[in-house]
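Chemist:
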Amino acid sequence: MRQSLVVGNWKMNGTRASAELLVKDIIAGLESNNSGIAVCAPYVYLPGIGELVKNTRLALGAQNVADKPSGAFTGEISAAMLSEFDCKYAIVGHSERRTYYGDTNESVAARFCQAQEKGIIPILCVGETLEQREEDQTFSMINEQLDAVINLTGIASFDNAVIAYEPVWAIGTGKTATDEQAQEVHQYIRKYIAAQDQAIADKIQIIYGGSAKPENAKGLFAMLDIDGGLIGGASLDAESFLKIYHSI
Ligand code: PGA
């Protein structure tokens, strides 16, 4: 049985005080549940949040990680730096990074690799735009996004990684994929991995992101190949985030 996982992606929101309050409220509201839970906080809040989550079930993640180990890369944060703050996860290849900051399949693969080298579990985001979906390019896009990582690090690296399927057209738009639309792509991803390594495919957590809310989480999480969620907007409110988590 795969363990489920719900991850909050706060993006560039909140203040130091609101971030700490949010984490305290999440911890206080956690009911016993075997599923994993994490929040990906803005870099500067990681040290403070790291202290608050110590000895709790709530894990910490970053929203990105540099594609190089160290050096003259102004503004970047390395995996080694993140690992000093007990970061269990790092999101790589979020569509906002790909769209607004020029992350390419190749640089995302390098970020994935950097995270793993420092023992951080990469959460690899993949997904198609509306245009690509309408032109029947969903699966070929996913192939390209996965292949870039597989070609660099090998399929075995997915033994310690999470994949987030995030249709770009559903992120922050209020338009959630239907349970069946999401399941279709999750199943496709799992089969794609299985063609190269069945054991990894059976084990890897593939989570859904894109306007997931308390109202639609249960249906999505009930699908066979959906192992949880990467939650943006709804993770900024402790009650909503907990409702999503508890609906697994
Ligand atoms: P959303 O964001 O839940 O606000 O759509 C999801 C994400 O971008 O990870």
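Position 224 of the sequence shown, counted from 1, bears residue number 223 in numbering that gives the first Met the number 0, the numbering being contiguous throughout. C-beta atoms are modelled at their ideal positions from N, C-alpha and C, and glycine is treated no differently.
Where does the unbroken alpha helix (DSSP H) through Ile247 begin, and where does it stop?
Modeler: For this step, residue 247 is matched to residue 248 along the sequence shown. No alpha helix (DSSP H) holds Ile247; DSSP gives it neither H nor E.
Chemist: Considering only the alpha carbon of each residue, which of Asp158, Ala114 and Gly209 lies closest to Leu129?
Modeler: On the sequence shown, residue 129 is found 130 positions in, with the first residue counted as 1. With distances taken between Cα atoms, Leu129 lies closest to Gly209.
Chemist: Check for me: the alpha helix (DSSP H) holding Gly49 runs from which residue to which?
Modeler: Sequence index remark: in the sequence shown, residue 49 carries index 50 (1-based). Unbroken alpha helix (DSSP H) run through Gly49: Leu45 to Val52.
Chemist: Can you find a heavy atom of ligand 1 that lies under 7 Å from the Cβ of Glu214?
Modeler: As a first step, residue 214 is located in the sequence shown; it is residue number 215 there, counting from the start. No, ligand 1 has no heavy atom inside 7 Å of this Cβ.
Chemist: On the DSSP letters alone, give me the boundaries of the alpha helix (DSSP H) that Lys174 sits inside.
Modeler: As a working mapping, residue 174 is identified with position 175 in the sequence shown. Careful: Lys174 lies outside any alpha helix (DSSP H) and carries neither H nor E.
Chemist: Is Ser34 near ligand 3, going by C-beta to nearest heavy atom under 7 Å?
Modeler: What this structure holds is ligand 1, not ligand 3.
Chemist: Run through DSSP, which three-state label would Leu219 get?
Modeler: Numbered from 1 along the sequence shown, position 220 holds the residue referred to as residue 219. In the structure shown, Leu219 sits in a helix (DSSP, three-state: H, G or I).
Chemist: Comparing C-alpha positions only, which one of Arg189, Leu57, Ala18 and Ala200 sits nearest to Lys87?
Modeler: Here residue 87 corresponds to residue number 88 of the sequence shown, with the count starting at 1. Minimum Cα distance to Lys87 is reached at Leu57.
Chemist: Applying the criterion that 16 or more other CB atoms from any shown protein chain within 10 Å of the CB defines a buried residue, is Leu223 buried or exposed?
Modeler: Taking the first residue of the sequence shown as position 1, residue 223 is located at position 224. With fewer than 16 other Cβ atoms within 10 Å, it is exposed.
Chemist: Between which two residues does the alpha helix (DSSP H) carrying Asn104 extend?
Modeler: Translated into positions along the sequence shown, residue 104 becomes position 105. Looking at the DSSP string, the run of the alpha helix (DSSP H) that includes Asn104 is Asn104 to Glu116.
Chemist: Do the CB positions of Ile199 and Phe157 come within less than 8 Å of each other?
Modeler: Within the sequence shown, residue 199 is the residue found at index 200, counting from 1. Within the sequence shown, residue 157 is the residue found at index 158, counting from 1. For Ile199 and Phe157, yes; Cβs fall inside 8 Å.
Chemist: Report the three-state DSSP secondary structure of Thr23 (helix, strand or coil).
Modeler: In the sequence shown, residue 23 corresponds to position 24, counting from 1. The question names Thr, but residue 23 in the sequence shown is Lys. In this structure, DSSP gives Lys23 a helical state, which the three-state scheme calls helix.
Chemist: Which residues bound the beta strand (DSSP E) around Lys87?
Modeler: Translated into positions along the sequence shown, residue 87 becomes position 88. Element bounds for Lys87: Cys86 to Val91.
Chemist: Run through DSSP, which three-state label would Val64 get?
Modeler: For this step, residue 64 is matched to residue 65 along the sequence shown. Val64 falls in the coil class under three-state DSSP.
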